[in-house]
Structures are given as structure tokens and as C-alpha cells.
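Asks: First the structure, then my questions, so here it is.
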Amino acid sequence: MTDDRFAGLSTMDLIRLRHEVLNSTDPTDMEFRKEIDDRLREISRAQAESHAAD
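Residue numbers for the sequence shown, in our numbering: 15 to 68.
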């Protein structure tokens with residue numbers, strides 16, 4: 015994770031932010047949504063790896 019844009023936000027916060035820009039056609043919002051999706055995928059991947067290590 016190289017981007018600190020979402021530092022300190024919970025997964026639920028990210029989901030709420032994504033919901034706010036979900037249906038926007040503004041290119042800035044669309045890029046922001048992609049960044050949120052990428053971060054959520056990173057979180058999911060890290061959780062899966064953590065559970066696999068248990």
C-alpha cells in the first residue's frame with residue numbers, strides 16, 4: 015500500500031465513500047471509485063492471507 019489517501023479509514027468508511035460516488039459519471043469520481051476498489055481489494059487480499067496463515 016503506497017497511497018496514504020485512505021490512511022485511518024475503516025473498511026466501512028471506504029464502502030460508504032464508494033457508495034457516494036457509485037453512480038457518478040464525473041471522471042474524478044470514477045477514478046476515486048477505482049482507487050477505493052483497489053484499496054478494498056488490498057484489504058480483502060490481506061485478510062485472506064492472514065486467515066490462510068492461521
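Ideal placement from N, C-alpha and C gives every residue a C-beta, glycine not left out.
In this text, all values refer to a predicted model and were calculated from it rather than measured experimentally.
Measure the beta-carbon distance from T50 to R32 and round it to whole angstroms, keeping in mind my assumption that it falls under 8 Å.
Replies: A small fix is needed here, since residue 50 is Ile in this sequence, not Thr. Confirmed, Cβ separation roughly 5 Å.
Asks: If I follow the unbroken alpha helix (DSSP H) through L28, where does it start and stop?
Replies: Run containing L28: 25-35, per the alpha helix (DSSP H) assignment.
Asks: Taking 8 Å as the cut-off, decide whether the C-beta atoms of R47 and L36 are in contact.
Replies: Yes, these two residues count as a Cβ contact at 8 Å.
Asks: Taking all protein chains shown into account, decide if R30 is buried (16 or more other Cβ within 10 angstroms of its Cβ) or exposed.
Replies: Exposed, by the Cβ-count rule.
Asks: So with Cβ pairs under 8 Å, would you call M44 a contact of chain B?
Replies: Given the protein chain composition of this structure (a single chain), no chain B is represented.
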